[in-house]
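Reading through the structure tokens given below for one structure.
Number of protein chains: 4
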Amino acid sequence: MKKGSKAAEPDTTGIASNASRTDARRKYDPEQTKRNILDVATQEFSAMGLTGARVDAIAERTNTTKRMLYYYFGSKEGLYQAVLEKVYGDIRALEQDLHVSELDPIEGMRALVEFTFDYHDRQRDFVRLVTIENIHGAKYVEQVKSFKGRNVTVIHTIEDLLSRGIAAGLFRSDVDAIDLHLMISSLCFHRVGNRHTFGTAFGRDPSHPRLRARHRAMIVDAVLRFVRKED
Amino acid sequence: MKKGSKAAEPDTTGIASNASRTDARRKYDPEQTKRNILDVATQEFSAMGLTGARVDAIAERTNTTKRMLYYYFGSKEGLYQAVLEKVYGDIRALEQDLHVSELDPIEGMRALVEFTFDYHDRQRDFVRLVTIENIHGAKYVEQVKSFKGRNVTVIHTIEDLLSRGIAAGLFRSDVDAIDLHLMISSLCFHRVGNRHTFGTAFGRDPSHPRLRARHRAMIVDAVLRFVRKED
Amino acid sequence: MKKGSKAAEPDTTGIASNASRTDARRKYDPEQTKRNILDVATQEFSAMGLTGARVDAIAERTNTTKRMLYYYFGSKEGLYQAVLEKVYGDIRALEQDLHVSELDPIEGMRALVEFTFDYHDRQRDFVRLVTIENIHGAKYVEQVKSFKGRNVTVIHTIEDLLSRGIAAGLFRSDVDAIDLHLMISSLCFHRVGNRHTFGTAFGRDPSHPRLRARHRAMIVDAVLRFVRKED
Amino acid sequence: MKKGSKAAEPDTTGIASNASRTDARRKYDPEQTKRNILDVATQEFSAMGLTGARVDAIAERTNTTKRMLYYYFGSKEGLYQAVLEKVYGDIRALEQDLHVSELDPIEGMRALVEFTFDYHDRQRDFVRLVTIENIHGAKYVEQVKSFKGRNVTVIHTIEDLLSRGIAAGLFRSDVDAIDLHLMISSLCFHRVGNRHTFGTAFGRDPSHPRLRARHRAMIVDAVLRFVRKED
DNA sequence: CATGAATGAGGTTTCATTCAT
DNA sequence: AATGAATGAAACCTCATTCAT
């Protein structure tokens, strides 16, 4: 898969490095080529599914040819896996930036839920790709090396919040961190992922901007009520 | 290819052979053929998605030939829509048996959530088909005549529960029925629909039987805490 | 592989059966279609090798389309295997027609060698296909069901000749049947299979008609001298 | 890709670093690079055939890159021809060492056959490449300059043996030298070149070491019986 | 001398569908 | 009512080769 190509950083002097890094006209820029393909592929796979996506369609919207797609990613499936790797990497990276551990348990939990809500609300491609991957029994994401370890971080964040909340007498002590993560995900994911059938069934698109704030508050509320210690 | 097709087996008794409309042994039975095709198609579409499913694969597992599939359903999409129609019809039948209105608000809410949980937990084909429909923007279900009005009954049930709960001083008064339905659906749907990626990410299949009772109680708990009036 | 299709023999009355069996115009005749594809493929694979042969090229010289080729033979390799099966079947079938067991040992041996010589001399496609298959380590012919058992018959024929020759005091008793078959094959095969390099090297095409009779006699002579008992 | 290429290793001794023409450690060594490519190509072409061999596969097993392959040999076919030239050159060198003319006719003939046998038995790459060339009608070897004249020496050797044998009353006088060479080649070549199909057909690999001595004796025996004058 | 990136042309295969009986 | 045979279009992928540095 040809990684670590140093071609993009030959200038180590610092002088004029700006030019070489941003010159969109340069003929050979593998990193940019790959990124370009990956971006287009993300849209196509997310819109059409793995089987529904067309390699030709992806190539056409790319700055390169279909051939490059195989050059860099080996196969349609390889490209699909690269897309999965990218999108899962993105959400977990952003979660890290939250620094929830610096907030008190309730505010931290709120921040985590709100982040999760916002992310799913905005990153519909991510939601669709996860859905698609589940139709395939997660068999592609299983082969993505970096996948398994990467997701544990959320659980650690939640465990930290829960234990601090319990210690402060704010949270009940019988909540499992993974179950809670599942609950939060469910609430944030479903309204985006299944918005079409939901909209058709009830005449109301649950992901419509007008409902956004209300749902956000509702979900935060539901989660906090769930974890809070009753007195 | 295609062996042991029983369709060709002739009536050997000679008795009542002309009561052909109800004789299960008669040579051609359009209704049974259609049902057979529909059952196989349900599995295939649910397992592979609309684009992923193969007409040949469906035909092969059928008692008839590929040609019949077109004879009865016109096209791959037509067959897919017939599957959707059947699956949505099934759930409606069950919903009617709940008789939630005879229970007090809290027990009624519990019963509704538990029913929803159990249904999704058991009907994985349904969950998958809904997922698949959403990938296609719900454009096929929209054409299914009986679909639109069908789902409103749940909302009525929830509205009834909510208003009775409010009147009894048990429930808060600021909960929207459709939002609540969305919440319940989210919690019951996600753990089934996305169990593969979830399982891969966290090493725990959320739909595993061992977690079933715990999740069921958790979701009931979360919903009741959410609707309950705080004093 | 769809065998035993009775489509070619619907007329059982005997009347006009001649017409239906030979009517080249009939639209659907799977057996003929398959045979046609197989014949063309034999030429193409023999001329170009497995990798060198082009599916398109085969299809083009066929009465049907490329699609039918996949319909009946599944893949390029499947077609290649079918070709192998056919050509190996042909030579062994003809060998059976020799009825060598009815001749005295020396004449029988002569007849067998002459048959082997003539067959290789005429069936250059066969020789080429065997060569090609050896380049692939015989891995395709190994998967041909009928292959292994079919070849043993020659060995039985040779064993019969040898034992009768020994009993009659004509042949030496220390010749192994398989080794002898290898010897005969070598002498008949090489002059055809490697005629091009031989011709280039020595300016004389060993398979040229003018040399045919001389080589035939030479090989018979060599084999008989080899098996004959010296007194 | 391509790791551990030693080509980049600089001279660290500092001594004689400018005697670059013969220093094996120097950065660029065209002759060595060419030889390396040629060796790998010999294996690949011999294993896969001309059409079956992949330029990428050859390049990958090389110390250099694909580009170099074109730099030195122009094209895939050019490389193939270079391989042929090398391989035919190798056998000539060995043939010279035989000195058959110093032996009496029978021992000389035996020595020649044994040499031919041993050479084919050991040089499977050579056998395969000859086979491959014949599939392509020997059109590449024809363009190899040094090829044509090269093989005549064997014929002279055989002619010498034959005439000395005839003069001594040991050999028959009606044997053609080229025909005899063809016979010897046949017996030595076939058991190596077609060992795979032969092995599959008869359950016995004719090139197996255990059969080696027996076949060698058998072939010598057959040739001597053939040339010997009967009295 | 050396090379990573790039490619057009053409390869094999699969798809949902229709034909002729 | 039912079917085996047939198919055009388009899919995914691979090939030997060249470009720009």
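First to last, the protein sequences are chains A, B, C and D.
Under full-length UniProt numbering, the first residue of the first sequence is numbered 1, with each subsequent residue one higher.
Under full-length UniProt numbering, the first residue of the second sequence is numbered 1, with each subsequent residue one higher.
Under full-length UniProt numbering, the first residue of the third sequence is numbered 1, with each subsequent residue one higher.
Under full-length UniProt numbering, the first residue of the fourth sequence is numbered 1, with each subsequent residue one higher.
Heads up, the beta-carbon is just placed ideally off N, CA and C, and yes, glycines get one too.
Beta-carbon proximity check, residue i vs residue j, cutoff 8 Å
| i | j | result |
| --- | --- | --- |
| B:T33 | B:V83 | no |
| B:A201 | A:N134 | no |
| residue 234 of chain B | B:T157 | This structure cannot speak to residue 234 of chain B, because chain B is shown only from 1 to 231. |
| C:E85 | C:V144 | yes |
| B:V220 | B:R110 | yes |
| C:F189 | C:H136 | no |
| A:F126 | A:I166 | no |
| B:T51 | A:G52 | yes |
| residue 232 of chain A | A:F171 | Beyond the ends of chain A as shown, which are 1 and 231, falls residue 232 of chain A; an answer cannot be given. |
| B:M183 | A:L187 | yes |
| C:I132 | C:F45 | yes |
| D:A57 | D:K66 | no |
| B:G49 | A:G193 | no |
| C:A222 | D:A47 | no |
Proximity winner among the options, relative to residue i (alpha-carbon distances)
| i | options | result |
| --- | --- | --- |
| C:V227 | C:A217, C:E95 and C:A177 | C:A177 |
| B:S185 | B:A167, B:V130, B:R214 and B:K148 | B:V130 |
| C:A93 | C:I58, C:V154, C:A167 and C:H181 | C:V154 |
| B:Q123 | B:M218, B:F147 and B:G89 | B:G89 |
| residue 233 of chain D | D:K148, D:K66, D:H196 and D:D118 | Past the edges of chain D, shown from 1 to 231, lies residue 233 of chain D, and the structure says nothing about it. |
| B:E31 | B:T64, B:I132 and B:S46 | B:T64 |
| B:L38 | B:L79, B:D56 and B:M48 | B:L79 |
| D:R216 | D:L98, D:V141, D:A138 and D:L112 | D:L112 |
| C:D231 | C:G199, C:R191, C:G169 and C:L224 | C:G169 |
| residue 241 of chain D | D:N36, D:G49 and D:G199 | Nothing can be reported for residue 241 of chain D: it is not among the residues displayed for chain D, which extend from 1 to 231. |
| A:K139 | B:K66, B:G199 and B:R191 | B:G199 |
| D:L180 | D:E44, D:L224 and D:K66 | D:L224 |
| D:E142 | D:D97, D:G108 and D:Q81 | D:Q81 |
* To do: Please confirm if the segment 94-105 of chain C is in contact with the segment 161-172 of chain D, defined as three or more CB-CB distances below 8 Å between the two stretches.
  => no
* Cβ-based contacts, 7 Å cut-off: residues of the segment 163-189 of chain D near chain C -> I178, D179, L182, M183, S185, S186, L187 and F189
* In chain order, each alpha helix (DSSP H) run of at least 4 residues that lies wholly inside the UniProt DNA-binding region "H-T-H motif" (54-73) of chain C -> 55-60 and 66-73
* **Chain-ordered residues of the segment 108-141 of chain D with a beta carbon less than 9 Å from chain C** => R128, V130, T131, I132, E133, N134, I135, H136, G137, A138, K139 and V141
* Asked: Per the contact definition of three or more C-beta pairs closer than 8 Å, is the segment 166-177 of chain C in contact with the segment 201-212 of chain C?
  -> no
* Along the chain, which unbroken stretches of the alpha helix (DSSP H) at least 4 residues long are found entirely within the segment 136-171 of chain D? -> 147-150 and 152-167
* Please list the residues of the segment 43-54 of chain D that have a C-beta atom closer than 7 Å to any C-beta atom in chain C, keeping them in chain order. => G49, T51 and G52
* Against chain B: residues of the segment 195-218 of chain A by CB proximity under 9 Å -> R195, H196, T197, F198, G199, T200, A201, F202, G203, R204, P206, L211, R214, H215 and M218
* Asked: Residues in the segment 147-159 of chain D with C-beta within 8 Å of chain C's C-beta atoms, listed in sequence order?
  -> F147, K148, R150, N151, V152 and I155
* Asked: Using Cβ-Cβ distances below 8 Å, what residues of the segment 71-90 of chain B are close to chain A?
  -> none
* What residue ranges within the segment 204-229 of chain B form continuous alpha helix (DSSP H) runs of no fewer than 4 residues, ordered along the chain? -> 209-227
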